[in-house]
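Residue 419 in full-length UniProt numbering sits at position 419 of the sequence shown, and the numbers go up by one each step.
Every residue, glycine too, gets a C-beta built ideally from N, C-alpha and C.
I have placed the structure first, in the form of structure tokens, so that the comments after it can refer back to it.
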Amino acid sequence: MFTNVCFCLGLKMVQVAEGCPKHSVLICVLFISGKSKEAEIKRINKELANIRSKFKGDKALDGYSKKKYVCKLLFIFLLGHDIDFGHMEAVNLLSSNRYTEKQIGYLFISVLVNSNSELIRLINNAIKNDLASRNPTFMGLALHCIANVGSREMAEAFAGEIPKILVAGDTMDSVKQSAALCLLRLYRTSPDLVPMGDWTSRVVHLLNDQHLGVVTAATSLITTLAQKNPEEFKTSVSLAVSRLSRIVTSASTDLQDYTYYFVPAPWLSVKLLRLLQCYPPPEDPAVRGRLTECLETILNKAQEPPKSKKVQHSNAKNAVLFEAISLIIHHDSEPNLLVRACNQLGQFLQHRETNLRYLALESMCTLASSEFSHEAVKTHIETVINALKTERDVSVRQRAVDLLYAMCDRSNAQQIVAEMLNYLETADYSIREEIVLKVAILAEKYAVDYTWYVDTILNLIRIAGDYVSEEVWYRVIQIVINRDDVQGYAAKTVFEALQAPACHENLVKVGGYILGEFGNLIAGDPRSSPLIQFNLLHSKFHLCSVPTRALLLSTYIKFVNLFPEIKTTIQDVLRSDSQLKNADVELQQRAVEYLRLSTIASTDILATVLEEMPPFPERESSILAKLKKKKGPGTVTDLEEIKKERSSDMNGSAEPASVNASAVSTPSPSADLLGLGAAPVTNSAPPPSSSGSLLVDVFSDSASAVAPLAPGSDDNFASPDLASSEVVSEEPADTVHDADELFHKFVCKNNGVLFENQLLQIGLKSEFRQNLGRMFIFYGNKTSTQFLNFTPTVICSDDLQSSLNLQTKPVDPTVDGGAQVQQVVNIECVSDFMEAPILNIQFSPKQEVQNIFKAKHPMDAEITKAKIIGFGSALLEEVDPNPANFVGAGIIHTKTTQIGCLLRLEPNLQAQMYRLTLRTSKEAVSQRLCELLSEQF
Numbered sequence: 001m002f003t004n005v006c007f008c009l010g011l012k013m014v015q016v017a018e019g020c021p022k023h024s025v026l027i028c029v030l031f032i033s034g035k036s037k038e039a040e041i042k043r044i045n046k047e048l049a050n051i052r053s054k055f056k057g058d059k060a061l062d063g064y065s066k067k068k069y070v071c072k073l074l075f076i077f078l079l080g081h082d083i084d085f086g087h088m089e090a091v092n093l094l095s096s097n098r099y100t101e102k103q104i105g106y107l108f109i110s111v112l113v114n115s116n117s118e119l120i121r122l123i124n125n126a127i128k129n130d131l132a133s134r135n136p137t138f139m140g141l142a143l144h145c146i147a148n149v150g151s152r153e154m155a156e157a158f159a160g161e162i163p164k165i166l167v168a169g170d171t172m173d174s175v176k177q178s179a180a181l182c183l184l185r186l187y188r189t190s191p192d193l194v195p196m197g198d199w200t201s202r203v204v205h206l207l208n209d210q211h212l213g214v215v216t217a218a219t220s221l222i223t224t225l226a227q228k229n230p231e232e233f234k235t236s237v238s239l240a241v242s243r244l245s246r247i248v249t250s251a252s253t254d255l256q257d258y259t260y261y262f263v264p265a266p267w268l269s270v271k272l273l274r275l276l277q278c279y280p281p282p283e284d285p286a287v288r289g290r291l292t293e294c295l296e297t298i299l300n301k302a303q304e305p306p307k308s309k310k311v312q313h314s315n316a317k318n319a320v321l322f323e324a325i326s327l328i329i330h331h332d333s334e335p336n337l338l339v340r341a342c343n344q345l346g347q348f349l350q351h352r353e354t355n356l357r358y359l360a361l362e363s364m365c366t367l368a369s370s371e372f373s374h375e376a377v378k379t380h381i382e383t384v385i386n387a388l389k390t391e392r393d394v395s396v397r398q399r400a401v402d403l404l405y406a407m408c409d410r411s412n413a414q415q416i417v418a419e420m421l422n423y424l425e426t427a428d429y430s431i432r433e434e435i436v437l438k439v440a441i442l443a444e445k446y447a448v449d450y451t452w453y454v455d456t457i458l459n460l461i462r463i464a465g466d467y468v469s470e471e472v473w474y475r476v477i478q479i480v481i482n483r484d485d486v487q488g489y490a491a492k493t494v495f496e497a498l499q500a501p502a503c504h505e506n507l508v509k510v511g512g513y514i515l516g517e518f519g520n521l522i523a524g525d526p527r528s529s530p531l532i533q534f535n536l537l538h539s540k541f542h543l544c545s546v547p548t549r550a551l552l553l554s555t556y557i558k559f560v561n562l563f564p565e566i567k568t569t570i571q572d573v574l575r576s577d578s579q580l581k582n583a584d585v586e587l588q589q590r591a592v593e594y595l596r597l598s599t600i601a602s603t604d605i606l607a608t609v610l611e612e613m614p615p616f617p618e619r620e621s622s623i624l625a626k627l628k629k630k631k632g633p634g635t636v637t638d639l640e641e642i643k644k645e646r647s648s649d650m651n652g653s654a655e656p657a658s659v660n661a662s663a664v665s666t667p668s669p670s671a672d673l674l675g676l677g678a679a680p681v682t683n684s685a686p687p688p689s690s691s692g693s694l695l696v697d698v699f700s701d702s703a704s705a706v707a708p709l710a711p712g713s714d715d716n717f718a719s720p721d722l723a724s725s726e727v728v729s730e731e732p733a734d735t736v737h738d739a740d741e742l743f744h745k746f747v748c749k750n751n752g753v754l755f756e757n758q759l760l761q762i763g764l765k766s767e768f769r770q771n772l773g774r775m776f777i778f779y780g781n782k783t784s785t786q787f788l789n790f791t792p793t794v795i796c797s798d799d800l801q802s803s804l805n806l807q808t809k810p811v812d813p814t815v816d817g818g819a820q821v822q823q824v825v826n827i828e829c830v831s832d833f834m835e836a837p838i839l840n841i842q843f844s845p846k847q848e849v850q851n852i853f854k855a856k857h858p859m860d861a862e863i864t865k866a867k868i869i870g871f872g873s874a875l876l877e878e879v880d881p882n883p884a885n886f887v888g889a890g891i892i893h894t895k896t897t898q899i900g901c902l903l904r905l906e907p908n909l910q911a912q913m914y915r916l917t918l919r920t921s922k923e924a925v926s927q928r929l930c931e932l933l934s935e936q937f
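Below, the structure written as structure tokens:
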């Protein structure tokens, strides 16, 4: 124990004995002369010099003196000063038989000794001696040191020894506790070094130990192990239920040592309930019935009057209650318990304690996803709405928004959306974007009358236009395009909305797009004639950003096709110097091209080029994917996928998405390579952005994210390697899609996956007009290495060539790992035909393998050079621009062939890691050599 007391004399150590050395208290008293920082540094330096002279003096120091000076060094370090000596003296203290000396030695090592220190071997030897001593006090100090340091070296040295101590029959209870927590620490830092063996079945039986401290420590360990190896610890379920039952049914007097403010063993109860959440409901009826009784008892106790008015009592009681509710939600199999849990949480919604209101709202969000408790959650809608209006804490209001979103269905959608819109006007800026996404999702998901949906989104833009992302206004455009019955109403509504003196730019985008497509539906009204529509839009032109101006120019050229009577007016605008000589190259190019198109193209050509947007293919909205990305995995938004009685998205809805060719974002490692499970975009819409942010249609059947995979940066050797990433498509990862299996589905659809295996994914998107067609073939590299000499060829038989003319464009012969390339095929149908062309693909994978790994030995440059030379390769100096890297080259000779080999080893001393890159003329050889060499450094 350390205490610093300010006087004005010097620095000394005081030992206060309390009966015996085992309970001695060490007090480090700091005396600083002067009040300034400089005076303190001067005094510290003087004391350091004195300690250094004592350590180097001819007179050998006794244990007490050594302990005193080591303790001073430790205290000076804790004050923020560097300590570069005294380590050996601290290690020597470990061999002392006095508790206080050994304690200070272990404390110094835990705080100051680096895991790569040269003394680590001596430290490990001292720890081994203490673990073997069977002295519980010394064993406890050693285990605490291992856990505090928690390095990989410690795990390598003791991960096999500590389980033996834990399950040994003669180990004292206090040592078992320390051993369990020490093993837990090592497993968290180096799980690969903690061996699973016979001890795993024996450690489960510690749940039956008489000492509740041992049970508590063992439960923490078993919970962590069960999350990674559930089958090995499955027997812990019945033991955990048995122990929980004994605690729940016991009186507070039965567990006096572990009763906290009249709550029996609350920490152990919480840990047992968390352990049970690692598994599904017990299959054994007896165990399941006993667990149900435990949970009912916990819920009943929550209704009892408090046995103490102190906050500690309610905190402990509620901690057990909320963990029990989490287990009930996790099992989701007992309707009675779920409803009771919901009613109990409902009582907390108006509790005076803010934390309880927050936790109640959070738990009810999860309950809302269960078919058994959804209706019970809905009964609290007025309370939640009231919390949204009156709650002072922003985090509680945010949970209230989450709960309204989770409990929403067709019966209450309009009420909830209206309340969210009202709250949005005064909501905190930090959560406005999230509320906008939720309102947009709910309005679309539960829209029965699509005029209500259009009104809601336009109102959303009016209230919080700055927080309306592109996904939201793209989505309303798609829905309007896909539904004929709402197009006229949408055009009329946006026209009226644009007449406001000040309207948000997102409203201008929506208005420009919809009027460009369907302005003719309201042109018959003199109040919304073609010229008035054009003038209204053009009055906003100069107030908008460049992407919006680009979209409006596309709208103008659409007007030329819809309203020939205002063609001259539009041409005058396009011909003006502000457009033809615009500083922005995108606007200038559009003005020139649109002006030229309107001048030379015939009416038929204009009608063909500028025809109305076709309906988008059906798929999930990208707004939900954006909300999940914003909230992160495991949040309430993910619960949408498991709701039992929810209606599907609107028919024909499909989202355009923004794709910036110069800045493609990297999705998660599980993203679909070809975007076949991603949010699509279309290439026939008016471009809204000068930076290539177009409404482009990329084929897709469902939505998640748009972008090919791009390798993540691994400059710090910490980012995930694409080689270890799973590629997830519409089928399980190990499914191989054969072209013959998927071929027939293209009879009734124009896009989808044609072929997929472990290496390659091929997708198609096609469009046809009369006898002409265009097909986009997308090739996705699902590996982490390049495809070289990539050559796809479309082959037609002699008979087919007379009936079908195909023109294919070449593709890049190199396809990077995780990337995709596109091939365009122009098609002309000359006459009817029966057979199909054949797609032949040839490529060779790149023979390069890379591995990033933790250093297993000291990172010494000379030793590393010797190992590379000993491997048989020549060490190439001054080849790599980074002089710290090692580059080697060699040839592997066999009787039949010679295999060239290049290697590069990049050390990162700070992170204690290496990156090894190997390239040979055979991929299998590269892989094997990389595996062998990775074990040598």
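Minimum C-alpha distance to residue i - residue among the options
| i | options | result |
| --- | --- | --- |
| V454 | C182, T808, G511, D799 | G511 |
| S95 | K66, L73, E118 | K66 |
| K228 | L531, F348, M196, M913 | M196 |
| residue 951 | T785, I570, D572, S178 | Nothing in the structure corresponds to residue 951, since the chain is present only between 1 and 937. |
| Y106 | N97, A90, S117 | A90 |
| L929 | Q910, L903, Y914 | L903 |
| Y467 | S622, K749, R432 | R432 |
| A491 | I605, L551, G524 | G524 |
| S831 | A819, N805, K854 | N805 |
| P792 | Q770, T783, R185, Q822 | Q822 |
| V384 | L349, E375, S238 | L349 |
| L186 | V167, L221, V560 | L221 |
| P285 | V241, K567, H313, N315 | V241 |
Pairwise C-alpha distance: residue j and residue i
| i | j | result |
| --- | --- | --- |
| V794 | S803 | 15 angstroms |
| Q487 | T548 | 22 angstroms |
| E848 | L918 | 6 angstroms |
| A360 | L345 | 5 angstroms |
| P667 | Y779 | With a pLDDT of only 34 at P667, under 50, the local geometry of the prediction cannot be trusted, and no value is derived from it. |
| Q927 | I44 | 56 angstroms |
| K809 | S766 | 15 angstroms |
| M88 | G140 | 22 angstroms |
| S245 | M364 | 26 angstroms |
| I557 | W452 | 30 angstroms |
| E931 | V925 | 10 angstroms |
Residue i: first and last residue of the uninterrupted beta strand (DSSP E) it sits in
| i | result |
| --- | --- |
| P907 | 898-908 |
| M154 | No beta strand (DSSP E) holds M154; the alpha helix (DSSP H) holding it covers 152-158. |
| Y914 | 913-920 |
| E931 | Run containing E931: none in the beta strand (DSSP E); it sits in the alpha helix (DSSP H), 923-934. |
| I762 | 760-769 |
| H893 | 886-893 |
Enclosing alpha helix (DSSP H) for residue i [first to last residue]
| i | result |
| --- | --- |
| I162 | 162-167 |
| Q350 | It is not in any alpha helix (DSSP H) - Q350 carries neither H nor E in the DSSP assignment. |
| L107 | 99-112 |
| F85 | Here F85 belongs to no alpha helix (DSSP H), and DSSP marks it neither H nor E. |
Just to confirm the assignment: which complete alpha helix (DSSP H) runs, minimum length 4, are found wholly within the segment 771-845? Those alpha helix (DSSP H) runs which fall completely within the segment 771-845 and span 4+ residues are 798-801.
Give the list of continuous alpha helix (DSSP H) stretches no shorter than 4 residues that lie fully inside the segment 368-448. Listed in chain order, the alpha helix (DSSP H) runs fully inside the segment 368-448 are 374-378, 381-390, 394-407, 413-424, 429-445, counting runs of at least 4 residues.
Using 8 angstroms as the threshold, is the segment 257-265 in touch with the segment 203-211, meaning 3 or more CB pairs across them? Flag = no, the segment 257-265 and the segment 203-211 do not touch.
To test your reading of the DSSP string, which unbroken beta strand (DSSP E) runs of 3 or more residues are found completely within the segment 267-337? Within the segment 267-337, there are no complete beta strand (DSSP E) runs of at least 3 residues.
If you pair each beta-carbon of the segment 850-868 with each one of the segment 913-927, do three or more pairs fall below 8 angstroms? Put simply, the segment 850-868 touches the segment 913-927. At least three CB pairs are less than 8 angstroms apart.
Jot down the residue ranges of each uninterrupted alpha helix (DSSP H) in the segment 514-583, minimum 4 residues, whole runs only, in chain order. If one requires a minimum length of 4 residues, the alpha helix (DSSP H) runs lying completely within the segment 514-583 are 530-541, 546-562, 567-575, 577-580, in chain order.
Between the segment 575-592 and the segment 559-567, do three or more beta carbon pairs fall short of 8 angstroms? Touching, no.
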